[in-house]
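Engineer: What follows is a single structure, and I will ask about it in a moment.
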């Protein structure tokens, strides 16, 4: 009897930041909106095609899992307190997402992108948009001095993304997320995801497992969280390229870490 693929989508959260300093419009959120529209449009097109055949699993195309992309509806305020509040809301109970990707701008040239490997807890010395700092310049979340994503960044991932983009790009792994709100949200999200993952391991089933009839997957997915730095440029071609890179990264992450399930 032929195997049947699970149709449970991989749920992905995507966030971008709001204005700060000279960035009156933050390119990260503009890019996030474009990725959301593109992936949703792809899903709608496939619903009218062969998306429900045995070889197709939704927005990923043949042999790939469907992506249920959720974006935070507003740009995240560049404020330590606002980030703390947002993460508390997102991770109240069990982690509601299989994969979390935060984005922000950095001083990068056009066609240059950075994927951050880890986030640090100490030495947040740059005031936010409210002129505030974390107490003692230390992250509000308890934890070690450094937390690293559980997603493997070496190997085929970045090269696969480059191959998908019809434009020369520089896509590298970074070990310095900047010790500002970008690194702050990254550390907090890594810590929060790990905390709820550990908590759910002691339960027979998590709320997401009960709802979806499946289990959270991926290699050592205690911290399936990433931060991507994008250029601050706002021209339409630059935003389109940023969206293409981010969408390709999401699709490759799902392809590599969330393969189709057979029954």
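Numbering (the UniProt record's numbering), first residue to last: 1 to 263.
Cβ atoms here follow ideal geometry from the backbone N, Cα and C, with glycine treated the same way.
Because the structure is a prediction, the values reported are computed rather than measured.
1) Quick check: the Cα distance between residue 38 and residue 30, rounded to an integer number of angstroms?
2) Determine the DSSP secondary structure at residue 146, reduced to helix, strand or coil.
3) Just to confirm the assignment, what range does the alpha helix (DSSP H) spanning residue 160 have?
4) Distance check for residue 254 and residue 247, CA to CA, integer angstroms please.
5) Ends of the beta strand (DSSP E) at residue 170?
6) Could you check whether residue 252 and residue 171 sit closer than 7 Å to each other, using their CB atoms as the reference points?
7) With distance defined between alpha-carbon atoms, name the residue in 89, 75 and 121 nearest to residue 105.
8) Run the CB neighbour count on residue 144, radius 10 Å, all protein chains shown included, and call it buried at 16 or more, exposed below.
9) Tell me which residues share the same chain as residue 142 and place their Cβ nearer than 8 Å to its Cβ, disregarding the 5 neighbours each side in the sequence.
10) Please report the Cβ distance between residue 259 and residue 151, rounded to the nearest whole angstrom; I am assuming they are in contact, meaning their Cβ atoms lie under 8 Å.
11) Quick check on residue 26: buried or exposed, where buried means 16 or more other Cβ atoms within 10 Å of its Cβ?
12) Between the Cα of residue 128 and the Cα atoms of 117, 84, 12 and 244, which residue gives the shortest distance?
13) List, from N- to C-terminal side, the beta strand (DSSP E) runs of 3 residues or more that fit wholly inside the region 78–147.
14) Compare the Cα-Cα distances from residue 169 to each of 108, 186, 189 and 195 and report the closest residue.
Structural biologist: Based on what the coordinates show:
1) In a straight line, the C-alpha of residue 38 is about 13 Å away from that of residue 30.
2) strand
3) 156–164
4) 11 Å
5) 170–174
6) no
7) Comparing Cα positions, the closest option is 75.
8) Answer is exposed; the Cβ neighbour count stays below 16.
9) If we look at residue 142 and ignore the five residues flanking it on each side, its Cβ neighbours are 191.
10) The pair is not a contact, with the Cβ atoms about 15 Å apart (cut-off 8 Å).
11) buried
12) 84
13) Secondary structure in the region 78–147: the beta strand (DSSP E) runs of 3 residues or longer, each lying completely within the stretch, are 99–105, 112–116 and 118–120 in chain order.
14) Considering only alpha carbons, the answer is 108.
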